[in-house]
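Numbering (the working numbering), first residue to last: 1 to 396.
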């Protein structure tokens with residue numbers, strides 16, 4: 001039997017290797033983790049997925065780290081989440097170390113909360129709650145959703161309500177800061193058919209759209225947190241009514257949703273949240289928000305500098321486009337800092353902005369470190385700059 005299994009593992013046909021992974025999982029012997037590891041690294045994606053599922057059946061400690069790294073890839077993340085969750089209580093410490101390491105692959109960190117949410121253990125709840133202040137907005141979203149899932153499926157679990165309340169205030173602060181930035185920069189609205197395709201007006205419209213999207217994402221996360229504090233209030237339905245802007249009676253639906261929310265929340269929380277959701281102009285919402293939150297400086301250049309370091313890669317990208325159009329010398333440093341950002345979109349926008357802000361010699365010095373960038377688009381853009389600089393030298 002052992003020889004037959006070995007033959008399946010090394011078989012040239014992927015379906016046979018898939019069968020080998022299934023057999024290893026059904027046998028369930030933890031000591032057989034070596035061939036499972038081998039199949040998890042198979043060249044065929046179907047074999048890799050079968051091996052990940054087998055690892056969840058074996059639950060060998062030696063496979064846990066390999067499974068964590070399979071969280072990074074979209075093709076294997078769902079299977080890896082289920083496999084790690086199959087380990088049950090006891091795997092939390094391994095997952096917590098990943099969340100603690102903010103330099104870890106973002107794809108891995110963003111999927112760890114999904115595992116914790118399926119464990120439904122007191123330690124998992126504690127780990128989720130301890131990381132509600134994570135700077136990665138997608139990690140936070142998944143943390144909130146995982147916490148809600150755990151509390152719904154395991155009714156006896158208790159959450160630190162004060163920690164959730166602090167997370168609510170942080171999301172509110174982010175939303176109000178985004179609104180304050182749009183107001184300080186005088187942004188008029190998202191792009192439409194009359195918006196130019198290039199230039200300052202185009203960059204302003206794009207940034208306006210990005211900030212609006214950020215506020216909406218804050219609102220969505222806010223409702224998840226509220227549903228943790230008020231599980232009996234059907235807040236998903238309230239949020240659905242609040243967001244149904246496509247309906248003909250959208251203003252009435254929005255007003256009804258806010259009225260329902262008004263009946264659920266206690267007065268201090270209501271006073272901080274409802275102004276964000278009301279259909280008012282930016283200045284009116286900010287006046288009310290200033291009674292509860294410290295708002296940023298209204299100085300436009302200072303607001304743009306802040307957006308160049310925003311947690312949202314898309315907001316940064318749009319802020320870089322606007323910085324390139326404004327070309328202020330004081331913005332050069334904050335723009336250059338984005339050359340090493342994890343997002344290739346941010347790096348591309350950074351190079352594009354610097355092309356407008358710097359003379360060719362200074363531009364070359366600034367971007368030459370990205371000549372071997374992971375992104376082919378960034379590499380090509382930098383290559384063109386270096387080629388232009390060489391041509392200018394030869395011409396002189």
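Built from N, CA and C at the ideal position, the CB exists for glycine as well.
Quick caveat, the model's predicted, so the values are computed rather than measured.
Closest residue to residue i among the options (Cα-Cα distance)
i, options, result
"residue 326", "310, 354 and 97", "354"
"residue 254", "263, 40 and 243", "243"
"residue 271", "147, 292 and 90", "292"
"residue 338", "392, 359 and 305", "305"
"residue 361", "17, 389, 160 and 263", "389"
"residue 117", "102, 95 and 100", "95"
"residue 169", "7, 295 and 8", "295"
"residue 138", "105, 229 and 317", "105"
"residue 210", "226, 175, 300 and 197", "175"
Exposure of residue i, with buried meaning 16 or more beta-carbon neighbours within 10 Å
i, result
"residue 127", "buried"
"residue 194", "exposed"
"residue 275", "buried"
"residue 359", "exposed"
"residue 393", "exposed"
"residue 384", "exposed"
"residue 158", "exposed"
"residue 261", "buried"
"residue 120", "buried"
"residue 387", "exposed"
"residue 231", "exposed"
"residue 299", "exposed"
"residue 198", "exposed"
Span of the alpha helix (DSSP H) around residue i
i, result
"residue 125", "122-130"
"residue 457", "Since the first residue shown for the chain is 1 and the last is 396, residue 457 is missing from the structure and cannot be characterised."
"residue 18", "14-27"
"residue 293", "Where residue 293 is concerned, there is no enclosing alpha helix (DSSP H), given that its DSSP letter is neither H nor E."
"residue 312", "Run containing residue 312: none; DSSP gives neither H nor E here."
"residue 102", "Unbroken run through residue 102: none, as it is neither H nor E."
"residue 78", "74-86"
"residue 49", "45-58"
"residue 154", "Neither: residue 154 is in no alpha helix (DSSP H) and is coded neither H nor E."
"residue 371", "Run containing residue 371: none; DSSP gives neither H nor E here."
"residue 61", "61-69"
"residue 7", "2-9"
Chain E within 8 Å of residue i, Cβ atoms only
i, result
"residue 349", "Note that chain E does not occur in the displayed structure, where there is just one protein chain."
Any 3 or more C-beta pairs closer than 8 Å across the segment 134-150 and the segment 106-114: yes
Segment contact flag, the segment 233-241 with the segment 211-218, C-beta cutoff 8 Å, min 3 pairs: no
Meets three-Cβ-pair contact criterion under 8 Å: the segment 280-289 and the segment 165-185: yes
Contact between the segment 264-278 and the segment 297-313 (3+ Cβ pairs under 8 Å): no
The segment 81-91 touching the segment 46-66, judged by at least three CB pairs closer than 8 Å: yes
The segment 139-159 touching the segment 183-202, judged by at least three CB pairs closer than 8 Å: no
Segment contact, 8 Å Cβ cut-off, at least three pairs: the segment 10-25 with the segment 42-54: yes
Cβ pair count under 8 Å reaching 3, the segment 329-343 against the segment 217-231: no
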